[in-house]
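Protein chains: 2
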Amino acid sequence: MTNIAEAQLIALDWGTTSARAYLMGADGHIVAERSAALGIMQVASKAQAETQSLDEAFKATLTELCGDWLDNFENVPVIACGMVGSQQGWTEAAYRPVPANLADPAFELASVEIAPGRTMQIIPGVLDLKELPDVMRGEETQILGAIDLAALNADDSEEQLFLLPGTHSKWVKVSGRTITEFCTSMTGETFALLSTQSILSKLIEPAPSANWSAFERGVKVSQSGEGAADLMLTAFSARTLVLTERLEKNEVSNYLSGLMIGAEICSVLGKQATNDALSLTICGNKELSSRYTRALNIFGIDQVRELQGTAPRGIWAVASAQGLLQTPSV
Amino acid sequence: MTNIAEAQLIALDWGTTSARAYLMGADGHIVAERSAALGIMQVASKAQAETQSLDEAFKATLTELCGDWLDNFENVPVIACGMVGSQQGWTEAAYRPVPANLADPAFELASVEIAPGRTMQIIPGVLDLKELPDVMRGEETQILGAIDLAALNADDSEEQLFLLPGTHSKWVKVSGRTITEFCTSMTGETFALLSTQSILSKLIEPAPSANWSAFERGVKVSQSGEGAADLMLTAFSARTLVLTERLEKNEVSNYLSGLMIGAEICSVLGKQATNDALSLTICGNKELSSRYTRALNIFGIDQVRELQGTAPRGIWAVASAQGLLQTPSV
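Rendered as C-alpha cells:
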C-alpha cells in the first residue's frame with residue numbers, strides 16, 4: 020500500500036453486467052483494482068428486490084464496491100464511464116454526436132451526488148445519428164485509453180479503425196482522437212442465443228479446447244459463394260454438417276463462431292477486405308480478441324494490434340483533459 | 020359421423036412441437052382432424068419423466084391422439100410425415116437425396132410397429148447434399164399436397180418456387196413434382212430469440228394489432244444501402260431508432276420482423292428480385308404467410324399464392340402413389 024498516499028483518481032468502468040473500479044495514482048498508474056458482477060442490471064434487480072429507489076441502490080453498490088477508497092480519499096475525484104450513464108443507469112449522460120473529439124477539454128460530463136457534498140462525474144457515450152443510428156457507452160473511453168497506451172495517432176490526421184468485440188461489437192473509425200463514424204454488430208449476443216437456445220444447441224458438445232480448424236472453416240464459409248448469403252441461411256449448416264457427418268459435435272461451437280465473426284467482417288469490411296494501409300486495433304478480452312485477429316488474418320488483414328484493459332487509461336485521460344486531477348502538492 | 024364408414028387413411032403430420040392427425044375418407048377428404056402439443060420433443064420429455072422407452076412413449080402418444088380411430092378402423096393404413104421420422108423421432112426414415120420425385124411410387128417408406136401386427140409408415144425427408152447441406156422433414160409432403168390441391172404443374176417441366184415459412188423457413192425449387200434444390204433460413208427461430216431474449220426485447224411493447232407500416236419500414240431497410248449489410252448490423256437499429264425517438268416501442272416487433280423477412284428474401288432472391296415469370300407458392304399459417312406476401316410485394320413479386328393445410332393432402336398423395344389405399348369395396 021505504499022502508493023496509496025498518491026491516490027489521484029477513483030475510476031469506474033460501470034457496464035450492464037459488471038462494474039470495475041480502479042484506484043489510480045500519479046501519471047495514471049493503477050494502485051488497486053476491483054471488479055464485481057454489479058452492473059446496472061444487477062443494481063436494478065437489487066433496487067426492486069429491496070424496494071429501494073434506484074438512487075439508493077446505486078449508492079449502496081458504489082459503497083460495496085469501493086466504499087473504503089471513498090472514505091480514505093475524501094478529496095479524490097470519482098469518475099465513471101459506461102452504461103451507468105444510460106437511461107437505465109444512475110443518471111443519464113446525454114450522448115455526444117459524431118464527430119466526437121475524445122480529448123476535448125470542453126465536453127460536458129454528467130454528474131450525480133454520491134454522498135453529501137460529493138459527486139461522481141459520468142463520461143457521456145457517443146451517438147452516430149445516421150439513417151440507422153448507432154450508440155456506444157464506455158467504448159469511446161476504451162478507445163481513448165488505447166490511443167494513449169499505444170501512443171497511437173502521433174499524426175492526428177491519420178485514420179484508424181478500432182474494433183471492440185463483445186456482446187455488441189463496435190467498429191469505430193477514429194481520426195486523431197475524434198470518433199467520426201461507427202456501427203454495431205449483434206454478433207456476440209446472437210451467437211450466445213443460437214449456441215445455447217436454438218436447435219443448433221442440441222448438437223453442440225463442449226470442445227476439448229479452442230478448435231481453430233473448425234473456427235477457420237466457419238470463417239472460410241463466410242467468405243465463400245455460399246457464405247455470401249445471409250447468416251440466417253448459413254447458420255443452419257452448423258446442424259446439417261453434423262447430420263451428414265461432415266462436422267463433429269464438439270466442433271459446432273467453434274464453427275458457428277467462425278461463421279458469425281466471418282459474416283461480421285464481411286459486412287463491415289467487405290468480402291475482399293485486404294487493405295494494406297488499414298491499421299486496426301482490437302480492444303477486448305484476450306480470448307475474443309484472438310478469435311477476431313485470426314479471422315481478420317484469413318481476410319488478409321495482418322496488421323492487427325490487440326490491447327486489453329484500456330478503460331482506466333481512457334478515464335484518466337478524460338479526467339486529465341477536464342482538469343479534474345489535482346496538481347500534486349510537493 | 021356419416022362418413023366414418025368410408026375411412027381410408029389415418030394421416031399424421033408429426034413435427035417437433037405438435038402433432039396433427041387426420042381421418043381421411045374417399046378421395047382424400049378429411050372426415051375428422053385433431054391436433055395437440057404432442058410433438059417429438061414433448062414425447063421425449065414424457066419418456067424421460069415416466070422412465071418409459073421412447074418407443075413406449077410414442078405408442079402412448081399415438082393412442083392419446085387417435086387411439087379411438089385405430090380401434091374403430093383396424094384395417095385402415097396409418098402414415099405419417101415430419102420429424103417423427105428423424106433420429107430424435109420414433110424411427111429414422113433415411114433422407115431421400117435431391118432430385119426427389121415426390122410422387123414416385125417406388126421410394127421407400129420407413130415403418131414402425133404401432134401395435135402387434137400393425138405398422139405405421141413414415142415418409143422420409145429430403146436431403147440436398149451441397150457444400151452446405153440442407154434437410155427437410157414434412158415440408159416435402161406439404162409441397163406435394165399444395166401441388167395437388169392447387170392443380171399446379173400441369174406442365175411437368177415447369178419450375179416453381181415454394182416457400183414454407185416458420186421456425187426454419189424453407190425455399191424449395193420444384194420441377195413438376197420433383198424437388199431439385201432448397202435452402203433453409205433460421206429467420207423464425209432467430210426472430211423469436213432476438214425479440215424475447217436479446218437487448219432488443221427490453222424495448223418491445225405489444226403492438227395493438229399487426230403494424231404494417233412498421234413492418235414495411237423494416238422490409239425497406241433490408242433493401243436499402245444500409246440494409247445491404249449483414250442482419251447482425253441492421254438489427255441493432257431496432258434499439259437505436261427507439262433511443263433516438265424515430266420508432267415507437269410498440270413498433271419494434273413489427274419493424275424487426277420486416278427487417279428479418281426482408282433480409283431473408285434479399286439473401287434467397289437477391290436485392291432486385293423482380294422476376295415476372297416467378298411462380299411462388301407459400302404453404303404456411305395465414306398470419307406468417309401474409310407477412311411474407313407483403314414483403315415479397317415490396318420486392319416486386321406480385322404473383323404469390325398462399326395455401327394452408329396442405330400436409331394431409333400430401334400424405335394422401337403419397338399413400339395413393341404407394342398403393343397403400345384400398346380400392347373401395349362396392
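Protein chains in written order, with my numbering: chain A, 20 to 349; chain B, 20 to 349. Ideal Cβ positions, reconstructed from N, Cα and C, are used throughout, including at glycine.
In the DSSP assignment, B:V323 is bridged to B:L299. Chain order gives the chain A residues near B:V154 as T259 and L262, where near means a beta carbon separation below 7 Å. Residue contact check for B:S217 against chain A: a CB pair falls below 7 Å. Taking C-beta atoms as the reference points, A:T199 and A:P118 count as a pair closer than 7 Å. Under the Cβ criterion of 7 Å, B:L275 is not counted among the residues facing chain A. Using beta-carbon distances, A:A282 counts as an interface residue toward chain B, with a partner under 7 Å. Look at the beta carbons and you see the region 92-102 of chain B touching the region 135-145 of chain B: at least three pairs across the two are nearer than 8 Å.
Residue pairing of B:W190 in beta bridges, as defined by DSSP: B:L182 and B:C202.
For A:A340, the enclosing alpha helix (DSSP H) begins and ends at A330 to A340. Against chain A, a Cβ distance below 7 Å from B:A254 picks out M205. B:F255 is not a Cβ neighbour of A:M279, given a cutoff of 7 Å.
B:A336 and B:D167 do touch by the CB rule: their CB atoms are close to 5 Å apart, below 8 Å. According to the DSSP secondary-structure assignment, A:R53 is paired through a beta bridge with A:A40. A:C285 reaches chain B at D249, counting residues in chain order whose Cβ is nearer than 8 Å.
C-alpha of B:S64 to C-alpha of B:F77: approximately 11 Å in a straight line.
For the region 65-95 of chain B, the full-length alpha helix (DSSP H) segments reaching 4 residues or more read 73-91 along the chain. If only uninterrupted alpha helix (DSSP H) runs of at least 4 residues are considered, those enclosed by the region 220-298 of chain A are 231-242, 250-253, 256-262 and 271-288.
Here A:N120 is bridged, per DSSP, to A:T197. Taking a contact as a CB-CB distance under 8 Å, the pair B:V95 and B:T110 does not count as one, their CB atoms being some 20 Å apart.
Going by beta carbons, B:N230 and B:N273 fall inside the 7 Å limit.
At a cut-off of 7 Å between beta carbons, B:C202 contacts chain A. Using a C-beta cut-off of 8 Å, the region 39-48 of chain B makes no contact with the region 153-165 of chain A, since fewer than three inter-stretch Cβ pairs fall below that distance. The three-state reading of DSSP puts B:T110 in coil, since its state is none of H, G, I, E or B. If you draw a straight line from the Cα of B:F92 to the Cα of B:T259, it is about 60 Å long.
Assigned with DSSP and collapsed to three states, A:S130 falls in strand.
Between A:L128 and chain B, the shortest Cβ-Cβ separation is not below 7 Å. Rounded to the nearest angstrom, the Cβ distance from A:L326 to A:T300 is 6 Å, consistent with a contact under 8 Å. Sixteen is the threshold: when 16 or more other Cβ atoms of the shown chains lie within 10 Å of the Cβ of A:E283, as they do, the residue is buried. With its beta carbon at least 7 Å from every one in chain A, B:L307 lies outside the interface. Inclusion of A:F210 and A:D153 in the CB contact set at 7 Å is not warranted, their separation being larger than that value. Excluding the 5 residues flanking it on each side, B:C85 has same chain C-beta neighbours closer than 6 Å at A40, in chain order. In the same chain as B:D123, and ignoring 5 residues on each side of it, the C-beta atoms closer than 8 Å to its own belong to A340, in chain order. Going by C-alpha positions, A:K192 is about 36 Å away from B:H187. Secondary structure note for B:R313: its alpha helix (DSSP H) is the uninterrupted segment K305 to I317.
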